[in-house]
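Novice: Before we start, here is the structure in question, set down as structure tokens.
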Amino acid sequence: MDDAPRPVQILYFAWLRERVGIGEEHLTLPEGVDTVGALVGWLRQRSDRHAAAFALAATVRCAVNQDFATPEAAVRPGDEVAFFPPVTGG
Amino acid sequence: MDDAPRPVQILYFAWLRERVGIGEEHLTLPEGVDTVGALVGWLRQRSDRHAAAFALAATVRCAVNQDFATPEAAVRPGDEVAFFPPVTGG
Amino acid sequence: MADVRVQLADFDLGAETAALTAGRTDIGGIGSFIGTVRGIAHGRPLATMTLEHYPGMTERAMARIAAEAERRWALLGCTLIHRVGPLHPGDNIVLVLAAATHRQPALDATAFLIDWLKTRAPFWKKERFTDGAETWVDAREDDEAAAARWGAL
Amino acid sequence: MADVRVQLADFDLGAETAALTAGRTDIGGIGSFIGTVRGIAHGRPLATMTLEHYPGMTERAMARIAAEAERRWALLGCTLIHRVGPLHPGDNIVLVLAAATHRQPALDATAFLIDWLKTRAPFWKKERFTDGAETWVDAREDDEAAAARWGAL
Numbered sequence: 001m002d003d004a005p006r007p008v009q010i011l012y013f014a015w016l017r018e019r020v021g022i023g024e025e026h027l028t029l030p031e032g033v034d035t036v037g038a039l040v041g042w043l044r045q046r047s048d049r050h051a052a053a054f055a056l057a058a059t060v061r062c063a064v065n066q067d068f069a070t071p072e073a074a075v076r077p078g079d080e081v082a083f084f085p086p087v088t089g090g
Numbered sequence: 001m002d003d004a005p006r007p008v009q010i011l012y013f014a015w016l017r018e019r020v021g022i023g024e025e026h027l028t029l030p031e032g033v034d035t036v037g038a039l040v041g042w043l044r045q046r047s048d049r050h051a052a053a054f055a056l057a058a059t060v061r062c063a064v065n066q067d068f069a070t071p072e073a074a075v076r077p078g079d080e081v082a083f084f085p086p087v088t089g090g
Numbered sequence: 001m002a003d004v005r006v007q008l009a010d011f012d013l014g015a016e017t018a019a020l021t022a023g024r025t026d027i028g029g030i031g032s033f034i035g036t037v038r039g040i041a042h043g044r045p046l047a048t049m050t051l052e053h054y055p056g057m058t059e060r061a062m063a064r065i066a067a068e069a070e071r072r073w074a075l076l077g078c079t080l081i082h083r084v085g086p087l088h089p090g091d092n093i094v095l096v097l098a099a100a101t102h103r104q105p106a107l108d109a110t111a112f113l114i115d116w117l118k119t120r121a122p123f124w125k126k127e128r129f130t131d132g133a134e135t136w137v138d139a140r141e142d143d144e145a146a147a148a149r150w151g152a153l
Numbered sequence: 001m002a003d004v005r006v007q008l009a010d011f012d013l014g015a016e017t018a019a020l021t022a023g024r025t026d027i028g029g030i031g032s033f034i035g036t037v038r039g040i041a042h043g044r045p046l047a048t049m050t051l052e053h054y055p056g057m058t059e060r061a062m063a064r065i066a067a068e069a070e071r072r073w074a075l076l077g078c079t080l081i082h083r084v085g086p087l088h089p090g091d092n093i094v095l096v097l098a099a100a101t102h103r104q105p106a107l108d109a110t111a112f113l114i115d116w117l118k119t120r121a122p123f124w125k126k127e128r129f130t131d132g133a134e135t136w137v138d139a140r141e142d143d144e145a146a147a148a149r150w151g152a153l
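So, in structure tokens, the structure goes:
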């Protein structure tokens, strides 16, 4: 009756995309990685590029399923999680 | 060596024009009629229509030589003096 | 120098904005306001609204209002157009355009310009209703209050 | 219902205003703001400004901002257009249009909409200068302060 765990879709924009080197990745999160804050900590360890992208965590903004989210926000399998700098449109 | 006294050009706008019945008149002012306030008092006595136009003096605005003016403002021969209601453009 | 006009003809917002910005790369924001004739006034259907002005003084007053805006904000462009004569519901009455390096001066100047145009430029509106009744529009106290926000001239 | 668009193409202020007001006689005032690319940024000549966005979330955020404006003011029309892709000095970036019965809600909503668009819609600007240097534009604290004037969402 085991379902294959569904991945989380992770998106990067602006200089986060440039630092990570890709705009999108699909990752299956390990047990315990179930908040935005935990996800950032886990992503940082994936590569030097991820570590560089999240080095200034205070300047990174997040959205879960296209809503702005705080570090405490829950992340569940199948979610769309985006990381980006403070917005500068208009 | 007497110069003929120059008249004052008096203009009426909006409902003042309608009440007075004309948009413009050229009048030679008697001695002592040398302020906006004195001019209004003098005009009131010229006809019933003038009296009706200036009946609500508090709602009448004035300009002397195309600048907004108070009752104390001087009126001199040759001046252009306009009376009108509070403005409602825009 | 502001572009100030009193005219019978309609104006074209797109063309006026293009004229203000043509060939320029110093502008970062353009605010605008258009006032239009509403079809219902005081609950009654309007036939026409006729705008009267004081030729000479009106243009002077508008130029002075524009100069005051240019004194308060570093404007890179300013256009004021006010129509006169008979207008109908849906017609444009007035156009204010203000350009600046950033949005805040452009938007503040736009609000200032229309507030002062309404209270310091000699125009008068006469409404004719579909039943034939006519009335001169009364000045509104809240227009005076809006203009007073900006302080005295 | 607001008209909200993200597009590569330029927009036409006159046409958008005409579309908002066509056939209507209930509108008394239309406020607008256009943001444009300046040719000098941080004292350096700009070659291009590239706008990136988050497809899906950006449109949602814009629709939410417009809905918030419609909740705060009795708007009779609202158009938000934000361009993306490479832009050049003098190009239009963003258009805000807000129509209401009177000028104050139209102008207030216009200011609100651009303040919130700047701080709550996911767009990012990258500047490329004529010397080839590239930099992502930093968020401005005074944009945050301007947006905060209107209170929390």
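Protein chains in written order, with my numbering: chain L, 1 to 90; chain H, 1 to 90; chain F, 1 to 153; chain S, 1 to 153. Built from N, CA and C at the ideal position, the CB exists for glycine as well.
Entirely within the region 50 to 134 of chain S and at least 3 residues each: give me those beta strand (DSSP E) ranges in chain order.
Specialist: Counting only runs of 3 or more, we get 77 to 83, 85 to 87, 92 to 100, 123 to 129.
Novice: Taking its Cβ as the centre, do 16 or more other Cβ atoms sit within 10 Å of His50 of chain H, making it buried, or is it exposed?
Specialist: His50 of chain H should be labelled buried.
Novice: Cα-Cα, which of L:Ala52, L:Thr70, L:Asp34 is closest to Asp79 of chain L?
Specialist: Minimum Cα distance to Asp79 of chain L is reached at L:Asp34.
Novice: Excluding the five sequence neighbours on either side, which residues of its own chain have a C-beta within less than 8 Å of the C-beta of Ile65 of chain S, listed in chain order?
Specialist: Only Leu80, Leu113, Trp116, Leu117, Arg120, Ala121 meet the Cβ criterion.
Novice: With DSSP run on the structure shown, which of helix, strand or coil describes Val36 of chain L?
Specialist: In the structure shown, Val36 of chain L sits in a helix (DSSP, three-state: H, G or I).
Novice: Can you give the Cα-Cα distance for Ile34 of chain F and Glu31 of chain H, rounded to whole angstroms?
Specialist: Each residue's alpha carbon lies about 48 Å from the other.
Novice: With 16 other CB atoms within 10 Å as the buried threshold, where does Arg71 of chain F fall?
Specialist: Exposed, because fewer than 16 other Cβ atoms sit within 10 Å of the Cβ of Arg71 of chain F.
Novice: Under a CB-based cut-off of 7 Å, is Val87 of chain H close to chain F?
Specialist: At least one chain F Cβ lies under 7 Å of Val87 of chain H.
Novice: Find out if the Cβ-Cβ distance for the pair Val94 of chain F, His53 of chain F is shorter than 7 Å.
Specialist: It is not a contact, given that the beta carbons lie outside the stated cut-off.
Novice: Give the interface partners of Gly39 of chain F over in chain S, defined as CB-CB distance under 8 Å, in chain order.
Specialist: Those within 8 Å of Gly39 of chain F in chain S are Thr25, Asp26.
Novice: Thinking Ala47 of chain F and Arg140 of chain F are a contact (beta carbons under 8 Å), I'd like their distance in whole angstroms, please.
Specialist: That pair is no contact at about 22 Å.
Novice: Find the residues of chain S that neighbour Ala14 of chain L, judging by a C-beta separation of less than 8 Å, and give them in chain order.
Specialist: Near Ala14 of chain L (Cβ distances below 8 Å), the residues of chain S are Glu52, Trp124, Lys126, Trp136.
Novice: By the criterion of Cβ-Cβ separation under 7 Å, what are the contact partners of Arg103 of chain S in chain F?
Specialist: Within chain F, the residues near Arg103 of chain S are Phe33, Gly35, Ile114.
Novice: Cα separation between Pro85 of chain H and Leu97 of chain S?
Specialist: Roughly 34 Å separates the two Cα atoms.
Novice: So with CB distances below 8 Å, who are the chain F contacts of Asp84 of chain H?
Specialist: With the sequence shown as reference, residue 84 of chain H is identified as Phe, and Asp is not the correct amino acid for it. Under the 8 Å cutoff, chain F gives Tyr54, Pro122, Trp124.
Novice: Could you check what DSSP says for Thr25 of chain S in three-state terms: helix, strand or coil?
Specialist: It is coil, neither helix nor strand.
Novice: Considering only their Cβ atoms, is the gap separating Gly28 of chain F from Thr36 of chain S smaller than 7 Å?
Specialist: Yes, Cβ-Cβ distance for Thr36 of chain S and Gly28 of chain F is below 7 Å.
Novice: Of all the residues that make up the region 47 to 75 of chain H, which are near chain F by a beta-carbon distance shorter than 7 Å?
Specialist: Listed by position along the chain: Ala63, Gln66.
Novice: Give a yes or no on whether the C-beta atoms belonging to Ala63 of chain L and Ala57 of chain L are separated by under 7 Å.
Specialist: No, Cβ-Cβ distance for Ala63 of chain L and Ala57 of chain L is not below 7 Å.
Novice: Using only the alpha-carbon positions, how far apart do Asp108 of chain F and Pro7 of chain H sit?
Specialist: Going by the C-alpha atoms only, they are around 44 Å apart.
Novice: Based on DSSP bridge pairs, tell me the residues matched to Pro144 of chain S.
Specialist: This sequence places Glu at residue 144 of chain S; Pro is not what is there. Glu144 of chain S is not bridged to any residue.
Novice: Would Val4 of chain S pass as a contact of Ala63 of chain S if the rule is Cβ separation under 7 Å?
Specialist: Yes; because the gap between Cβ atoms is below 7 Å, this pair is in contact.
Novice: Please name the residues in the region 77 to 98 of chain S whose beta-carbon is closer than 8 Å to at least one beta-carbon of chain F, in chain order.
Specialist: If the cut-off is 8 Å between Cβ atoms, the region 77 to 98 of chain S has Pro89, Gly90 near chain F.
Novice: Let me see if you follow: with CB-CB separation under 7 Å, is Leu46 of chain S close to chain L or not?
Specialist: Cβ-Cβ to chain L under 7 Å: no for Leu46 of chain S.
Novice: Mind checking which residues open and close the beta strand (DSSP E) that includes His50 of chain L?
Specialist: Where His50 of chain L is concerned, there is no enclosing beta strand (DSSP E), although the alpha helix (DSSP H) it sits in stretches over 48 to 53.
Novice: Mind checking whether Gly89 of chain H and Phe11 of chain F have CB atoms under 7 Å apart?
Specialist: No; because the gap between Cβ atoms is not below 7 Å, this pair is not in contact.
Novice: What is the DSSP secondary structure of Glu16 of chain S, reduced to helix, strand or coil?
Specialist: If DSSP states are grouped into helix, strand and coil, Glu16 of chain S belongs with the helices.
Novice: Near Arg149 of chain S, what residues of its chain come up, given a Cβ to Cβ distance below 8 Å and the 5 sequence neighbours on each side ignored?
Specialist: Asp115.
Novice: Is it buried or exposed, Gln45 of chain L, if we count other Cβ atoms within 10 angstroms and call 16 or more buried?
Specialist: Result: exposed.
Novice: Can you look up Glu18 of chain L in the DSSP assignment and give me helix, strand or coil?
Specialist: Correct three-state label for Glu18 of chain L: helix.
Novice: With a Cβ-Cβ cutoff of 7 Å, do Ile30 of chain F and Ala111 of chain F count as a contact?
Specialist: No, the Cβ-Cβ distance between Ile30 of chain F and Ala111 of chain F is not below 7 Å.
Novice: Taking DSSP as the reference, what is the three-state secondary structure of Leu8 of chain F?
Specialist: Coil, per DSSP.
Novice: Checking 7 Å against the spacing of the C-beta atoms, do Leu20 of chain F and Ala99 of chain F come in under that value?
Specialist: Contact flag set, yes.
Novice: Per DSSP, which one or two residues make a beta bridge with His26 of chain L?
Specialist: In the DSSP output, where bridge partners are listed per residue, His26 of chain L has L:Gln9.
Novice: Do we get a CB-CB distance below 7 Å when we pair Gly90 of chain H with the residues of chain F?
Specialist: Interface residue, yes.
Novice: Measuring only between beta-carbons, confirm whether Ala111 of chain S sits less than 7 Å from chain F.
Specialist: Yes, because at least one Cβ of chain F sits closer than 7 Å to the Cβ of Ala111 of chain S.
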